[in-house]
Amino acid sequence: MKTAVAPLAHEVPPAADDAIAELQEIYIEKGTPAFMRTALALFCGGFATFALLYCVQPMMPLLSHEYGINAAQSSLILSVATGMLAFGLLITGPISDRIGRKPVMVAALFAAALCTLASSMMPSWHGVLIMRALIGLSLSGLAAVAMTYLSEEIHPQHIGLAMGLYIGGNAIGGMSGRLITGVLIDFVSWHTAMLVIGGLALIAAAVFWKILPESRNFRARSLHPRSLLEGFTLHFRDAGLPLLFLEAFVLMGAFVTLFNYIGYRLLAAPYNLDQVYVGLLSVVYLSGIYSSAKIGSLADKLGRRKVLWATIALMFAGLALTMFTSLLLVIVGMLVFTFGFFAAHSVASSWIGRRALTAKGQASSLYLFSYYAGSSIAGTAGGVFWHFGGWNGIGLFIGALLLIALLVALKLAKLPPLPGAAQV
Numbered sequence: 164m165k166t167a168v169a170p171l172a173h174e175v176p177p178a179a180d181d182a183i184a185e186l187q188e189i190y191i192e193k194g195t196p197a198f199m200r201t202a203l204a205l206f207c208g209g210f211a212t213f214a215l216l217y218c219v220q221p222m223m224p225l226l227s228h229e230y231g232i233n234a235a236q237s238s239l240i241l242s243v244a245t246g247m248l249a250f251g252l253l254i255t256g257p258i259s260d261r262i263g264r265k266p267v268m269v270a271a272l273f274a275a276a277l278c279t280l281a282s283s284m285m286p287s288w289h290g291v292l293i294m295r296a297l298i299g300l301s302l303s304g305l306a307a308v309a310m311t312y313l314s315e316e317i318h319p320q321h322i323g324l325a326m327g328l329y330i331g332g333n334a335i336g337g338m339s340g341r342l343i344t345g346v347l348i349d350f351v352s353w354h355t356a357m358l359v360i361g362g363l364a365l366i367a368a369a370v371f372w373k374i375l376p377e378s379r380n381f382r383a384r385s386l387h388p389r390s391l392l393e394g395f396t397l398h399f400r401d402a403g404l405p406l407l408f409l410e411a412f413v414l415m416g417a418f419v420t421l422f423n424y425i426g427y428r429l430l431a432a433p434y435n436l437d438q439v440y441v442g443l444l445s446v447v448y449l450s451g452i453y454s455s456a457k458i459g460s461l462a463d464k465l466g467r468r469k470v471l472w473a474t475i476a477l478m479f480a481g482l483a484l485t486m487f488t489s490l491l492l493v494i495v496g497m498l499v500f501t502f503g504f505f506a507a508h509s510v511a512s513s514w515i516g517r518r519a520l521t522a523k524g525q526a527s528s529l530y531l532f533s534y535y536a537g538s539s540i541a542g543t544a545g546g547v548f549w550h551f552g553g554w555n556g557i558g559l560f561i562g563a564l565l566l567i568a569l570l571v572a573l574k575l576a577k578l579p580p581l582p583g584a585a586q587v
C-alpha cells in the first residue's frame with residue numbers, strides 16, 4: 164500500500180532494501196495538478212530537444228550550396244549532433260542515477276540553448292559542426308533522463324499516456340524547428356533562424372525548470388564502475404530489452420532518413436518547390452503529436468505487444484505512398500509515415516520503463532543510445548543510397564530498416580510477460 168505523503172528525494176537516504184523503497188513510493192496520478200505540471204514540463208523539454216536537434220534539417224540543401232558540399236556531407240550537421248547525443252547518453256543516464264533527474268535535465272536544456280545561439284555566430288563549417296556536437300552532448304542530459312523520470316514518478320497505469328504526451332512534445336518540437344527554419348531561411352539568413360530557435364529553447368528551459376515537480380521516488384545509485392557494469396549486463400540478459408534497443412535503432416534510422424532527403428527530392432524536378440513550401444510540409448508532424456498520446460494510451464489498455472507491430476505496418480504504408488510521383492500522395496505518405504513512427508516510438512519507449520526492473524536510467528540510456536545512433540548512422544548512410552538511386556534508393560534503404568523493425572516487433576509479441584506484469 165502506498166503512503167499518503169513522501170519526503171523529497173534529497174531528504175531520503177538510499178534504500179537498503181527494495182521492499183522498503185517500494186513502501187516509500189507515491190505516484191503522480193492522472194488528472195491531478197502534479198500530473199498536469201509534469202506533462203507540461205516534459206512537453207516543453209521534448210519540444211526544445213527536438214527543435215534544437217532537427218531545426219537544421221530543412222537547411223541541408225542550402226548548406227550544400229553555401230559550403231560546396233554534397234548531401235551526405237551536409238547531413239553531418241544533424242548526424243554529428245545525434246551521434247554525440249548517443250555517446251552522451253551512456254554518461255548522463257548513470258550520472259542522473261547518482262545525483263538526481265531534474266538537475267541533470269535542467270542543466271542540459273540551458274546548455275543546449277546557449278550552444279545553439281553560439282552556433283549561429285560560427286564563421287566556418289567546421290566551427291558549426293563543433294557547436295552542433297556540443298548541442299548533441301548537452302541534450303543527452305534530458306533525453307537520457309526524461310523517460311526514467313516518467314517511469315519513476317507517474318502511476319504505472321498512466322505511463323503510456325504520459326510518455327505519449329512527452330513524445331508529443333518531441334513531435335511539436337521537431338515540427339516547429341523544421342517549420343520555423345524552413346520558412347525563415349527563404350527570407351533571412353540561416354544564422355538568424357538559429358538565433359530564433361535558440362531563444363525559443365531558452366524560454367522552454369526556463370518553464371521546464373520552474374514547473375517540473377521534484378522527484379519523490381528517486382533512489383541514488385553508486386557511480387562505481389562495477390555497479391554500472393552490473394546494470395548494463397542485467398539489461399542485456401533480459402529477453403526483451405535488447406530487442407527494444409534494436410527497434411529504436413532501425414525505427415529512428417528510417418524516420419530520419421526519409422526527412423533528411425525528402426527536401427532534396429521536392430526542391431528538384433518535377434516538383435521544383437520553393438524552400439518555404441518544403442519547410443511548411445513539416446506540419447505532417449501534427450499526426451505524430453496525435454498518435455504518440457493516442458496510441459500510447461491505447462497500448463496501456465491493449466498491451467504493447469499487440470500494438471507495436473501495427474504501427475510499423477503503418478510506416479510501411481506511408482513509405483509506399485511516397486514512392487509515387489503525385490505530390491498529393493507523397494504528402495499523404497509523409498503524414499502516415501510520421502503517424503506510425505511516433506506511435507511506435509511511444510509504445511516502445513514506454514515498454515522500457517515497464518520491462519527494466521532496476522537501473523532504469525541505464526535502460527533508458529541504452530534505448531536512446533540506440534535511437535540516436537540510428538539517426539546518426541542511418542541518416543548519413545541514406546545519402547549514399549540517394550546519390551546512387553535517388554528516391555528509389557531511399558525507399559529500398561528505409562524498407563529494409565522497416566522489415567527488420569517488423570520482425571523484431573513480432574518477436575517481442577511472442578515474449579512471455581514478466582512475472583506479475585501481463586502487459587510487459
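If you're matching positions, the sequence shown starts at 164 in this note's numbering and goes up one per residue.
Every residue gets a Cβ at the ideal spot worked out from N, C-alpha and C, and that includes glycine.
None of the values given here were measured: they were computed from a predicted structure.
| Asked | Found |
| --- | --- |
| Report the three-state DSSP secondary structure of residue 166 (helix, strand or coil). | In this prediction, residue 166 has a pLDDT of 37, which is less than 50 and means its spatial position is unreliable; nothing more can be read from the coordinates. |
| So, are the CB atoms of residue 211 and residue 369 less than 8 Å apart? | no |
| Are the CB atoms of residue 516 and residue 322 nearer to each other than 8 Å? | yes |
| Of the choices 427, 304, 298, 546, whose alpha-carbon is the least far from that of residue 217? | 298 |
| Looking at residue 361 and residue 528, is the spacing between their C-beta atoms short of 8 Å? | no |
| According to DSSP, simplified to helix, strand and coil, what is residue 191? | strand |
| Is it buried or exposed for residue 202, if we count other Cβ within 10 angstroms and need 16 for buried? | buried |
| For residue 249 and residue 539, I'd like the C-alpha separation in whole angstroms. | 9 Å |
| Spatial neighbours of residue 279 within its chain, please: CB distance less than 7 Å, with the 5 preceding and 5 following residues excluded, ordered by chain position. | 215, 298, 357, 360, 361, 364 |
| Can you name the residues that DSSP bridges to residue 343? | In DSSP, residue 343 forms no bridge with anything. |
| So, is residue 434 buried or exposed, given that buried needs 16 or more other C-beta atoms within 10 angstroms? | exposed |
| So, for residue 254: in the same chain, excluding its five sequence neighbours on each side, which residues have a beta-carbon less than 8 Å away from its beta-carbon? | 303 |
| May I ask you to list the residues that DSSP assigns as paired with residue 317? | 191 |
| So does the segment 564 to 581 actually touch the segment 460 to 469, counting three or more Cβ pairs closer than 8 Å? | yes |
| Quick one, are the C-beta atoms of residue 200 and residue 376 less than 8 Å apart? | yes |
| Got a sec, what are the start and stop residues for the alpha helix (DSSP H) residue 518 sits in? | 490 to 518 |
| Count Cβ pairs between the segment 419 to 436 and the segment 473 to 490 that sit closer than 8 Å; are there 3 or more? | yes |
| Return the residue from the list 252, 315, 552 that minimises the CA-CA distance to residue 521. | 315 |
| Measure the alpha-carbon distance for residue 325 versus residue 191 and round it to whole angstroms. | 10 Å |
| Reducing DSSP to helix, strand and coil, say where residue 231 ends up. | coil |
| Report yes or no: do the segment 433 to 452 and the segment 339 to 348 share at least 3 C-beta pairs separated by less than 8 Å? | yes |
| On the three-state DSSP scale, how would you describe residue 434? | coil |
| If the criterion is Cβ atoms closer than 8 Å, does the pair residue 331 and residue 206 meet it? | yes |
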